[in-house]
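Below: one structure, written as structure tokens.
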Amino acid sequence: MTGPKLNEATRVAGISSGFRASTRFARLSPSKVRVVLNLVRGMDVKSADDLLRLTDRDSAHIVRKLLASAIANATNNFEQNAEELYIKACFADAGPTLKRFRPRAKGSSAAIFKRTSHITIVVDKLSDAALA
98 MTGPKLNEAT RVAGISSGFR ASTRFARLSP SKVRVVLNLV RGMDVKSADD LLRLTDRDSA
158 HIVRKLLASA IANATNNFEQ NAEELYIKAC FADAGPTLKR FRPRAKGSSA AIFKRTSHIT
218 IVVDKLSDAA LA
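Per our numbering: the sequence shown ends with 229, consecutive numbering throughout.
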């Protein structure tokens with residue numbers, strides 16, 4: 098019996114610790130979300146939040162809210178200092194695709210795929226060497 102896909106993706110990515118937040122079934126294409134996630138991967142959370150606030154993409158708003166949730170999980174549930182956190186990992190997996198059809202010429206139709214995403218952000222505490 099296999100576990101949930103989130104745990105499987107975490108195992109494959111080699112992420113064993115950290116504080117996570119995820120959103121599922123976000124009505125954004127995973128490829129468009131990955132563009133924004135690639136911008137902030139590995140950054141400290143304050144500079145990542147500033148960058149996301151100025152990024153002019155629809156997915157940046159969702160990723161910024163998700164980052165705030167991951168920071169809140171770390172500070173409220175695990176009593177971590179928000180200034181010492183960085184984005185350890187972030188990934189967007191494909192969710193279910195809604196299939197719609199648009200009428201075309203001569204009685205044919207064209208498929209419209211409305212894609213969804215499962216987005217996960219993992220934040221962790223910076224090492225003591227990086228803080229100094």
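Just so it is clear, CB atoms sit at the ideal spot from N, CA and C, and this is done for glycine as well. Quick caveat: nothing in here was measured; it's all calculated off a predicted structure.
- Nearest in C-alpha terms to V130, of all of R154, F175 and D147, is R154.
- In this structure, A207 places its C-beta atom within 9 Å of the C-beta atom of R199.
- Contact check for L182 against V133 fails: the beta carbons are separated by 9 Å or more.
- Comparing C-alpha distances from P193 to each of A179, A202, G204 and H215 shows the shortest one belongs to H215.
- Membership of P200 in the beta strand (DSSP E) is indicated by the continuous run L195 to P200.
- Secondary-structure assignment with DSSP links H215 through a beta bridge to D190.
- Membership of A118 in the beta strand (DSSP E) is indicated by the continuous run F116 to A123.
- Taking the Cα positions, A123 is about 12 Å away from K162.
- For the set R138, S128, N173 and I184, the Cα lying nearest the Cα of G115 is the one of I184.
- Where R138 is concerned, there is no enclosing alpha helix (DSSP H), because DSSP gives it neither an H nor an E.
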